[in-house]
Structure formats: structure tokens, C-alpha cells
Amino acid sequence: MDIKTVRSDKIYRDLISREDKRAYFRENVLKPFKPKFDIQQVPLESNSFDVFNVLEMLHYLPEEVNSSHVSEIDLISSDELWENCRASLAQSLKIFKDNGIKLNVSEYLFTILLGRRDNHLFRLNHGCIGEGGIPGYITISITPNKESIQRIPGVIAHEINHNVRYQYIQWTENVSLAEWVIAEGLAENYVESILGSSYLGPWVTKTDLDMLNNLIKPSFKDKMALSGMEAIMPYIYGDDVIIAQGGAPIGLPYAAGYTLGYYLMKHYLAETGKNVVEATILEPNKILKEVDSFWN
């Protein structure tokens, strides 16, 4: 198992004094992730839509990075931070191997991207967002401060759970609501199982049981077969995120699908006696047929 890190902190610092900012960032931070972007059908360079159109939604573009960002760069620049990230990645993967789950991917690539400090989604997510759904690639997007940096191990564990799941389950653009809910629930239960409840994300902890039982469950109960990312994103992310992205609200709280998934999978694990590691690679239909009582 080979874990490599792209030390983006050094590239961000170099950007401050460089003129070829976009080309430099593309070559040194984004290019190693080209296989991931290819799967996502996002070109590294194009005269129309390319990776920078995606990047700018949440992150500073290379040409925006200047001396005003030094304090943020400093917060992601310690060797200790990067070694801790690498250790979190290794431990999160090792647990699967130790439990007899074969890792079909042997090389993993990781980096950290600077998020826009004024972005609404970072405020909702307490400054730390992960991406790890494509096997072999994990990124953390962060608006660095003490709290968001402390949350990195939990976000890494969450994304590694996705990374392993999608070595066994085929993700498609026509993904079902059931699959996405289950995936997020597995990831957060995995975080809790290896790090404790203090590392659960705000996408779980911000919603109480009354909201879960009286609004979220009834809204999802007959919708789990819904498919297609455009149709199901409002259920997964809730109104706050969808409105911020220019979409129409459907009356659900922040991260409703994450909250539902967390409790649905907790119910499944209690009902079946399975652990979250072995459940991570199960097809969604095998999980759904065991949780009828969850909806009552």
C-alpha cells in the first residue's frame, strides 16, 4: 500500500511570487490527480470548461493567491500536519485490511486545497470538506483554523470509507438515493467506530432526533428508489446547500441525507450484528431489506 502526498502548501506559497500561477498550479497540484478528473470528465485544460471552473466554486484560483493568504498557508504547512494526514490515511485503510477486506487499489494520492474563507458551504461544514469517492484519490478542502484542522482525521476516515466502498460498488451518474444515503451513513459510522463521536461531522451532529423522526424520515421513506444526481442532491444536502448552489429548496434541513444515513446504518448494524467495516462493501439492496423497522 503506497500513500503519496502532494504538498500543496509549498505550491501555494510559491504562487505568491510567480507570474505563471495557473500553469504552475495545474502542473504541480492538479496534474497528479488527472486520472480522477478523467473519470469525472473534467479536462485539466480547455478553452471552455476545465478543472479551474470546478475549483473556483469552493477554492481560491491560483491567480487569486497572494500575500493576504500567508496566514492560511502557514496553517497547512507543518511537516507534522502532513505526516499526521498520512498516518490517518494509512490507519483508516489498514483497518479494512486487518478485517479481511481486500483493497483493490494499492496506490493512494492525497492533498489539501485552500477553500474560500467567505464561502457559505465552508461555514456550514465548519471549514473542512472531503472528497474521496474515486478510489485512490483523497482531497481535503479547508479554510484553515484550529477547529477545522482538528477535524481533518475524521474527514479523512470518512473519505477513506467511500474510497474503499467504491472499489466494490459501481458509482454512476444515475446513483440511487438509497446508495448515497447508505454511503454517507457508512462513512460516518466508520468515523465514529475508529475515532469516537467527537469526530462526527456537523452533517450529522447539527440535526436532532425530533427533526430526524418528524421530518427527515417521512420525506425519505418512499423516495429511496429515486435516482440521478440532480434529483437526489436536494435530499442529500438539504435546503441551505441547494439554495447556495442556485437550486430550489424542498423543505429539508442541512445535510438531511447524511443524518438519515448515519441513523439508518446505526440501526442496520444493531439489527444484524455486523460491523461497519464488513458492511462497507455491501450492495445497498442487501442493507435496505434489513431495515424495514427503521422507518416505523
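In full-length UniProt numbering, the protein residues as written are 1 to 296. Each residue gets a CB set at the ideal place from its N, CA and C atoms; glycine is no exception.
Check: Between the CA atoms of K274 and E45 - distance to the nearest angstrom; Outcome: 45 Å
Check: Where I281 falls: helix, strand or coil (DSSP); Outcome: coil
Check: Inter-residue Cα distance where the pair is D208 and N214; Outcome: 10 Å
Check: Cβ shell of Y262 (< 8 Å), same chain only, five flanking positions each side left out; Outcome: E184, G185, E188, N189, L200 and V204
Check: Neighbourhood of L103 by C-beta distance below 8 Å, restricted to the same chain and skipping five residues each side; Outcome: M1, L93, F96, K97, V164 and Q167
Check: Beta-carbon proximity of R117 to T139, cut-off 8 Å; Outcome: no
Check: Under the three-state DSSP convention, the category F110 falls into; Outcome: strand
Check: Every unbroken beta strand (DSSP E) inside the stretch 65-121 [3 residues or more]; Outcome: 107-114
Check: Cβ separation of P234 and G246, assumed to be a contact under 8 Å, to the nearest whole Å; Outcome: Going by Cβ atoms, the distance from P234 to G246 rounds to 12 Å, so no, they are not a contact pair.
Check: Any 3 or more C-beta pairs closer than 8 Å across the stretch 76-92 and the stretch 144-162; Outcome: yes
Check: Burial state of I112 (16 or more Cβ within 10 Å); Outcome: buried
Check: Contact between the stretch 12-19 and the stretch 31-46 (3+ Cβ pairs under 8 Å); Outcome: no
Check: Residue from L282, G228, Y137 and G115 whose Cα sits closest to the Cα of residue 304; Outcome: Residue 304 lies beyond the stretch modelled for the chain, which goes from 1 to 296, so this question has no answer here.
Check: Cβ-Cβ separation, Y108 to I3 (assumed contact under 8 Å), whole Å; Outcome: 5 Å
Check: Residue environment, H59, which counts as buried when at least 16 other CB atoms sit within 10 Å; Outcome: buried
Check: Under 8 Å between C-beta atoms of L264 and F294; Outcome: yes
Check: Nearest-angstrom Cβ-Cβ length linking D239 and L226, presumed shorter than 8 Å; Outcome: About 17 Å; that fails the 8 Å criterion.
Check: Paired residues, beta bridge with K4 - DSSP; Outcome: L109
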